[in-house]
Amino acid sequence: MNRLQIAALLTRLVDRLRSHGSWCSETHIQKSTYVAQELGGVPLGFNFILYKHGPFSFDLRDEVTSLRADGLLLMEPQAFPYGPKFKATETAHQLQQRYPKTLNTHGAALEFVAQNLADKPVAELERLATALFAKANLPDEVNHKRAQWINAQKPHIATDEAVAALEEVESLEGVFQKSQAI
Amino acid sequence: MLKHLHEIRDPIHIFIRLNTDERTVVDSVPLQRLRHIHQLATTFLVYPAATHRRFEHSLGVMELASRVFDVVTHPYNLHDEIRRLVPEITDQAQLGYWRHCLKMAALCHDIGHLPFSHAAEKELLPEGWDHERITREILDGQQMRSLFNKMTPPLRADDVIKLAVGPKKAKDLSFSDWETVLAEIIVGDAFGVDRMDYLLRDSHHAGVAYGRFDHHRLIDTLRVLPSSPVPDQEADNAAEPASEENVPAPPREPALGVDEGGLHSAEALMLARFFMYSQLYFHPVRRAYDIHLKDFLTAWLEGGRFATEVSNHLETTDNEVMATLSQASRDPERPGHDAARRINSRQHFRVLYQRHPDDVRINPEAGKAVFDAACERFGPERCRRDRYSQRSGAPDFPVQTKDGRIASSLAMSQTLNQLEAVSVDFVFVDPEILVEARNWLELNRSTIITPAEEPQDE
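These protein sequence lines map, in sequence, to chains A and B. Counting from 221, one number per residue, gives the positions in the first sequence under the numbering used here. Counting from 1077, one number per residue, gives the positions in the second sequence under the numbering used here.
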């Protein structure tokens, strides 16, 4: 996937998050992109590590900056004390129009992610994305073991919360797979 | 009586202070090698005095890291939530160890640099390698482990590695919040002392004022703070605007931020970074020389790549490269002759095209479109492209207000909101075809720079 295809997908994700009511800070973009890539199978190619607020990609952060430099994403300053929201620009919408096949192939996954994550509080986004990260990195473990691992990495996520997040991830995976089969 | 505390004179920080243990690391081969690695690659061909080396930068980073550590761990400067989130910051028994560890990590953070620093690092190392990985290899080796182990208290090389490289470049390592904060002191996006030192030092040596900022004031106001608040719902859709009262508390993680009184110094740092990138680091002639250097090295090095074995790495500096380049520039039979000749006789490629906002609106990869067309028209050997976008995010860091609240820097500073992300895209051509190429581009610009097409295979 080339850089402009990735730009079309990321800016579409930002559009869909905003239209479903997400605040769309960098944290929201990071977690949603991770879920789109890992659960939705969108081949964006970003390398995620477990970092602040769960899975985080420095490559994605660099790319968001690059999209700002290219006039495809805009930072909207917010009132005290909050950080900025991100918004796709008119140039980004023109770019999206020129990538219909890319967006047709992966648009449903982006829509699924936006529909299911946009209204989640940041704390819940962190739990869900971290649960997905644990599942991907401990594929042979049972949920209880994965939950213990999550708790060891992020002590503020209790083991029972981690188990609940893992179950919610599995439920989301099931719904997504069914929607793909239709 | 033997002296245990030592000072080294420095034009930026006046004195670099270190103890005898630390001096053994300064005297080690990997550190001494940095005396022969130019900090700014070929920039001295444009700014003649920019001949400073990684060695003095490494000492400067060590000095600043210790100053920042002392400020952010001072009991008067600790935020209540940080005492809870990062208990290590109040553990007086361990703080001495971590201060020492941070200083050594800061001192060693650049020992993996190739000759001429960043010039073409990506293309001249095997896939998956960068200078940070070589730094890790060296720090993990017997020589450095032994030096760290002999210190008082002995340092764990694994801790030094984490702090020197940071989570961005050590994705396989797990970092605690405390280790993340310490690594942020060295290599952090906003207030990493690596960046502070190179901006101050590079501007001093290059003779440009853009890189200066009030680092004394900035360092005095640095704090470890809970990250800026993030609301959970789209405020526009909510009945009331988001506020601390009507949104659930998001998780907070520690980050380097500033007291409100240091916000202007922080703005000055960010502006210095913007100007130094746009005026010095991305100077087109310097970038052209870096491309010629990369071409030379590709032709000269076995397999077109630097060896990654530590012993080979430690034996190769700018001196070896310059000596060979000088010979190659005089002898057409030697590999890399053309690139070497261009560097030594100042026959560097010239700018045919540089990124323009109007072009980017049509096609964000306008430079690539011009480069591809120029290669087709004039031949790839006569054209080069240099594309670089700023890495790192927006300057969003926590600020502690005078009444103790935490806010995003971008909610408090118009200046930071206006700061553009730096991005360059140059197409260079052989000076012999410059006039012809410019005329060609002038005539064909509208048919070359057109909206991007989706690949057919998607």
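All C-beta atoms in this analysis are idealised placements derived from N, C-alpha and C, irrespective of residue type, glycine included.
- Residue burial is scored here from C-beta neighbours: residue 402(A) has fewer than 16 other C-beta atoms within 10 angstroms and is therefore classed as exposed.
- Residue environment analysis places residue 266(A) among the buried positions, since at least 16 neighbouring C-beta atoms fall within 10 angstroms of its C-beta.
- Residue 1459(B) carries a strand assignment under DSSP once its states are collapsed to helix, strand and coil.
- Residue pairing for residue 1284(B): DSSP places it in no beta bridge.
- By the Cβ rule, the region 277 to 288 of chain A counts as touching the region 1458 to 1467 of chain B, because three or more pairs are nearer than 8 Å.
- In terms of Cα proximity to residue 344(A), the closest of 269(A), 355(A), 314(A), 274(A) is 274(A).
- When the alpha-carbon of residue 1158(B) is set against those of 1087(B), 1263(B), 1239(B), 1333(B), the nearest one is in 1333(B).
- By the Cβ test, the region 1359 to 1371 of chain B is in contact with the region 1412 to 1425 of chain B, since at least three Cβ pairs between them sit closer than 8 Å.
- Selection 1506(B), 1444(B), 1443(B), 1430(B) evaluated against residue 1457(B) yields 1506(B) as nearest (Cα-Cα).
- Cβ-Cβ separation between residue 1117(B) and residue 1207(B): approximately 13 Å, too far for a contact (criterion under 8 Å).
- By the neighbour-count definition (other C-beta atoms within 10 Å, threshold 16), residue 245(A) is a buried residue.
- Per DSSP, the beta-bridge partners of residue 1302(B) are 1330(B).
- For residue 1484(B), DSSP records a beta bridge to 1474(B).
- Rounded to whole angstroms, residue 1529(B) and residue 1446(B) show a C-alpha spacing of 15 Å.
- Listed as beta-bridge partners of residue 1500(B) by DSSP are 1464(B).
- Note on residue 360(A): under 16 other CB atoms within 10 angstroms of its CB, so exposed under the neighbour-count rule.
- Under the Cβ criterion of 7 Å, residue 327(A) is not counted among the residues facing chain B.
- Spatial neighbours of residue 296(A) in its own chain (CB-CB distance under 7 Å, excluding positions within 5 residues in sequence) are listed in chain order as 304, 305, 307.
- Taking C-beta atoms as the reference points, residue 1126(B) and residue 1184(B) fail to come closer than 7 Å.
- Residue-level contact by beta carbon fails for residue 249(A) and chain B, as no gap is shorter than 7 Å.
- By the CB criterion at 7 Å, residue 385(A) and residue 348(A) fall inside the cutoff.
- For residue 274(A), the uninterrupted beta strand (DSSP E) segment begins and ends at 274 to 276.
- Chain-ordered, the chain A residues with CB closer than 7 Å to the CB of residue 1486(B) read 297, 303, 304.
- Taking 8 Å as the cut-off between beta carbons, the residues of the region 261 to 285 of chain A near chain B are 267, 269, 270, 271, 272, 273, 278, 281, 282, 284, 285, in sequence order.
- Assignment of residue 1196(B) by DSSP, reduced to helix, strand and coil, places it in the coil class.
- Of all residues in the region 1467 to 1481 of chain B, the ones placed with a Cβ closer than 7 Å to any Cβ belonging to chain A are 1467, 1468, 1469, 1470, 1472, 1481, in chain order.
- For residue 1385(B), the three-state secondary structure derived from DSSP is coil.
- Taking the C-beta atoms as reference points, residue 1393(B) is found nearer than 7 Å to residue 1191(B).
- Our two residues, residue 1462(B) and residue 1204(B), have alpha carbons roughly 21 Å apart in a direct line.
- In this structure the region 1338 to 1351 of chain B lies against the region 1487 to 1507 of chain B, because at least three pairs of beta carbons, one per stretch, are closer than 8 Å.
- Burial is judged here by how many other beta carbons sit within 10 angstroms of a residue's own beta carbon; residue 1079(B) has fewer than 16 and is exposed.
- Taking one beta carbon from each stretch, the region 1173 to 1180 of chain B and the region 1130 to 1148 of chain B have 3 or more pairs nearer than 8 Å; the two touch.
- When beta bridges are read from the DSSP output, residue 305(A) appears opposite 296(A).
- Contact between residue 1238(B) and residue 1266(B) does not hold, since the beta-carbon distance rounds to 19 Å and is not under 8 Å.
- Residue 1091(B) and residue 1138(B) have their alpha carbons spaced roughly 11 Å apart.
- For residue 1083(B), the uninterrupted beta strand (DSSP E) run begins and ends at 1081 to 1086, by DSSP.
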